[in-house]
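A short worksheet on the structure shown next.
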Amino acid sequence: MKLSTSLRFAISAWLLLLVILVMPAGHPALAQDNKAWTEIRSELYGDDRTIHDGSGLLEIEAPDRAQDAALVPISIKSMIGPDDERYIKSLTIVIDENPAPVAGTFHFSRANGIADIATRVRVNAYSTIRAIAEMDDGQLYMAETFVKASGGCAAPATKNNAQAMARLGDMRMRQIGEWEVDQPAEVQLMISHPNFSGLQTDQVTQLWIPSHYVNDLAVSIDGQEILTFEGDISISENPSFNFFVMPQGEGELTARATDTKGNVFEHSWPLRMGSAS
Amino acid sequence: MATGPVSCNDPLMAAHLHRWPPISSFDGMIGQAVRGGESTRRQFVCRSAMLALLSSCCPSSSAALARQSDLPFQEIEDGIHVRYGLQEAMTADNHGAIANIGFIIGDESVAVVDTGTTYAQGESLMAAVRHVTDKPVSHVIATHVHLDHCFGHGAFEDAAPVFIGHHRLPGALSERGDFYLEQIKTLSLDGAETRVVQPGFLVDDAAEIDVGGRKLLLKAWPAAHTDNDLTVFDTRTGLLWAGDLLFVDRIPIVDGSINGWIDVLDELMPGDVSQVMPGHGALGSGREAIEQQKAYLVSLRDGVRAAIADGLDMTEAVAELADLAGPNWLLRDEGHGRNIIAAYAELEWE
Chain A
0 MKLSTSLRFA
10 ISAWLLLLVI
20 LVMPAGHPAL
30 AQDNKAWTEI
40 RSELYGDDRT
50 IHDGSGLLEI
60 EAPDRAQDAA
70 LVPISIKSMI
80 GPDDERYIKS
90 LTIVIDENPA
100 PVAGTFHFSR
110 ANGIADIATR
120 VRVNAYSTIR
130 AIAEMDDGQL
140 YMAETFVKAS
150 GGCAAPATKN
160 NAQAMARLGD
170 MRMRQIGEWE
180 VDQPAEVQLM
190 ISHPNFSGLQ
200 TDQVTQLWIP
210 SHYVNDLAVS
220 IDGQEILTFE
230 GDISISENPS
240 FNFFVMPQGE
250 GELTARATDT
260 KGNVFEHSWP
270 LRMGSAS
Chain B
0 MATGPVSCND
10 PLMAAHLHRW
20 PPISSFDGMI
30 GQAVRGGEST
40 RRQFVCRSAM
50 LALLSSCCPS
60 SSAALARQSD
70 LPFQEIEDGI
80 HVRYGLQEAM
90 TADNHGAIAN
100 IGFIIGDESV
110 AVVDTGTTYA
120 QGESLMAAVR
130 HVTDKPVSHV
140 IATHVHLDHC
150 FGHGAFEDAA
160 PVFIGHHRLP
170 GALSERGDFY
180 LEQIKTLSLD
190 GAETRVVQPG
200 FLVDDAAEID
210 VGGRKLLLKA
220 WPAAHTDNDL
230 TVFDTRTGLL
240 WAGDLLFVDR
250 IPIVDGSING
260 WIDVLDELMP
270 GDVSQVMPGH
280 GALGSGREAI
290 EQQKAYLVSL
300 RDGVRAAIAD
310 GLDMTEAVAE
320 LADLAGPNWL
330 LRDEGHGRNI
340 IAAYAELEWE
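So the sequence lines, in the order shown, correspond to chains A and B. Quick note: the first sequence, position 112, residue 111 per numbering that gives the first Met the number 0, numbers continuous. Quick note: the second sequence, position 130, residue 129 per numbering that gives the first Met the number 0, numbers continuous.
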């Protein structure tokens, strides 16, 4: 069959269009992503440390699309085999495209049992989110995922700043699931705080608004330090952290949080064995 | 839906199509776009396709087409003019024109209520004012911080009106302003000259302004849709301009406090309110729409409270409660999951 030139042109134009439409969406952010990460990586770890593929060791979960830029739930699960003698010494969360990309670093101890973490972060733009684990032998492993930013009026900002301030430093602790002696058990720790990013200038005064966020957290059980965290403005308003402990029986869990204005908030709760929460 | 204010058969609307440019059959189609979800989508796709076709075959007419893409203003009550936003997500195609914006004319001057997403929308609003009156614009009111409502304010700066907002608006604009300007770029909206304009007059609780024989009562609400919601009550007609404290047909978005919003809904409609202009959707008596919105918010609160009590985390709660919002809510998929997350973050502190 012979096709007229114009028809052939029309068909090839359609094919071209089809190719464009079905091509994997190579997002421009990806190129920047790598650039941003190169700089962040260099600052965090220098240029000479190897970062291994952490896909067998870590799993990072976040929604494909942030529903609310101010509150993106993420969780990091460690999958260290029972024969692995090592433990995860620290875990750093990086959101490449955020103004302050390093969301925070958790420092674990063997007393955590499992080095899993769940928290909520602000995501300013289409961004890779990374979890980098440092083992007790100094090796680094990284897992990553990609989160699309939310559209519309969602903003990585506070929702009810006044309320967070009114109960500033109030803390809650929840024991999740069944608690047994010497078995990994999950804790949720919540701190009422606006975790205000302060990145903007006040449009009226043209002065920078100082940031105000929780930058330091230490958790201990009966005086023994279990977990510490250094955080930044990417952690959502009213920070919430889920982590594990290895309870040695009834005891007392203490959390001590410090914010960038030097406020110190400390609370203790009794730990109960058995079915909690 | 109560009164259907936008229809080509509506004499008011027809009058406006003749008095107020742009005049074309397109505008009739766009003007109907606040009706149901299905027809909105279809008409809009149809319009986009026709625009694309026209702009591809006659590129010289693109400037004219840009003007035609402005949505029309119409007088919905004595001296109250509104441009209904489209019941769609913000896109480059619809210029982010999704919120209801408008103005109220008194004997002496004009008060503008919300200005849209961009400077260009603010300019269209100003042109619409000038088309119907020579009176000066004395007040420009922001119902809240969201970018679809108050990012056209810049177009009014030369007129030097009093910019009015909730006492928490300056903080919210400072915190979100730069991000929203970035968002306008990301969405490829025509954001030229769009800027953040801070209010010069703040409403702590309630305030009254007079545009000449016409008193407007302003009320600043506790955290609800956002933490800076402001409503405008027109004493002449009994119309309450509720901003986004009321969404009609479109799923309401919780960006302040779900508990606060449920409480505010009980107080939103004192007896002297005859009609309610929502931030999104059609004008109506308000009562049925408020009930629908409240029913959704209460069921959302109940569902999230139960999920928290059952030990579900935020992500599990989003999955568990996905079907809780009825299928009739427009843009349900864009708003419901997000609302679960916002409600969860608030209610876990109860």
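Just so it is clear, CB atoms sit at the ideal spot from N, CA and C, and this is done for glycine as well.
How should residue i be labelled, buried or exposed, when 16 other C-beta atoms within 10 angstroms of its C-beta is the threshold for buried?
i, result
"G212 of chain B", "exposed"
"R85 of chain A", "exposed"
"A318 of chain B", "exposed"
"R166 of chain A", "exposed"
"V263 of chain B", "buried"
"T91 of chain A", "buried"
"S210 of chain A", "buried"
"R175 of chain B", "buried"
"P269 of chain A", "exposed"
"Q182 of chain A", "exposed"
"H224 of chain B", "buried"
"Q247 of chain A", "exposed"
"V244 of chain A", "buried"
"R82 of chain B", "buried"
"L20 of chain A", "Note that L20 of chain A has pLDDT 46, beneath the 50 cutoff, so the model's placement of it is unreliable and the number below is only indicative. Label assigned to L20 of chain A: exposed."
"L2 of chain A", "Legend: pLDDT at L2 of chain A = 46, less than 50; position of this residue unreliable, no value from coordinates given."
"V263 of chain A", "exposed"
"S68 of chain B", "Confidence at S68 of chain B is low in this model, with a pLDDT of 46, below 50, so the placement of that residue should be treated as unreliable; the coordinate-derived value is given next. Under this definition S68 of chain B is a buried residue."
"P238 of chain A", "buried"
"R121 of chain A", "buried"
"R129 of chain B", "exposed"
"Q31 of chain B", "Below a pLDDT of 50, predicted positions are generally treated as unreliable, and Q31 of chain B, at 27, falls in that range; the measurement from the model is reported next regardless. Classification of Q31 of chain B: buried, given that the 10 Å Cβ count is 16 or more."
"D231 of chain A", "buried"
"N327 of chain B", "exposed"
"E266 of chain B", "exposed"
List the residues that DSSP assigns as beta-bridge partners of residue i.
i, result
"A132 of chain A", "A:L90 and A:Y140"
"E224 of chain A", "A:S219"
"S274 of chain A", "A:E177"
"C229 of chain B", "The sequence given here has Leu at residue 229 of chain B, not Cys. Looking at the DSSP assignment, L229 of chain B forms a beta bridge with B:A219."
"I207 of chain B", "Reading off the sequence, residue 207 of chain B comes out as Glu, not Ile. In the DSSP output, where bridge partners are listed per residue, E207 of chain B has B:L216."
"E185 of chain A", "A:I175 and A:F243"
"D52 of chain A", "A:M141"
"D258 of chain A", "A:V213"
"H73 of chain B", "Strictly speaking, residue 73 of chain B in this sequence is Gln, with His absent from that position. BP columns for Q73 of chain B point to B:V81."
Between the options, which lies nearest to residue i when the distance is taken from Cα to Cα?
i, options, result
"S196 of chain A", "A:D67, A:A102, A:M78 and A:L90", "A:A102"
"D258 of chain A", "A:N194, A:L43, A:F240 and A:I208", "A:N194"
"A88 of chain B", "B:E333, B:G151, B:G153 and B:S108", "B:E333"
"Q138 of chain A", "A:S89, A:P100 and A:R121", "A:S89"
"L329 of chain B", "B:P251, B:A205, B:E315 and B:S273", "B:P251"
"T227 of chain A", "A:E236, A:N237 and A:V213", "A:V213"
"N33 of chain A", "A:G261, A:E143 and A:K260", "A:E143"
"I261 of chain B", "B:D271, B:G199, B:A222 and B:T236", "B:A222"
"D147 of chain B", "B:V139, B:M268, B:Y179 and B:H166", "B:Y179"
"F150 of chain B", "B:V161, B:I208, B:T116 and B:L124", "B:T116"
"I79 of chain A", "A:N97, A:G53 and A:A130", "A:G53"
"G280 of chain B", "B:H143, B:Y118, B:G242 and B:H145", "B:G242"
"L346 of chain B", "B:R331, B:N327, B:P326 and B:A316", "B:A316"
Within this structure, are the beta carbons of residue i and residue j separated by less than 8 Å?
i, j, result
"L215 of chain B", "I103 of chain B", "yes"
"Q187 of chain A", "A110 of chain A", "no"
"K147 of chain A", "Y125 of chain A", "yes"
"A254 of chain A", "M170 of chain A", "yes"
"I339 of chain B", "L320 of chain B", "yes"
"P135 of chain B", "V111 of chain B", "no"
"D115 of chain A", "S77 of chain A", "yes"
"A154 of chain A", "A61 of chain A", "no"
"G105 of chain B", "I79 of chain B", "no"
"L323 of chain B", "S273 of chain B", "no"
"V196 of chain B", "L217 of chain B", "no"
"A219 of chain B", "D204 of chain B", "yes"
"A305 of chain B", "L245 of chain B", "no"
"L252 of chain A", "M172 of chain A", "yes"
"A141 of chain B", "L282 of chain B", "no"
"Q174 of chain A", "A163 of chain A", "no"
"R167 of chain B", "D226 of chain B", "yes"
"R119 of chain A", "P72 of chain A", "yes"
"H143 of chain B", "H165 of chain B", "yes"
Which runs of the beta strand (DSSP E), 3 residues or longer, sit entirely within the region 264-338 of chain B? 274-279
Give, in chain order, every unbroken run of the alpha helix (DSSP H) that is at least 4 residues long and sits entirely within the region 237-265 of chain B. none
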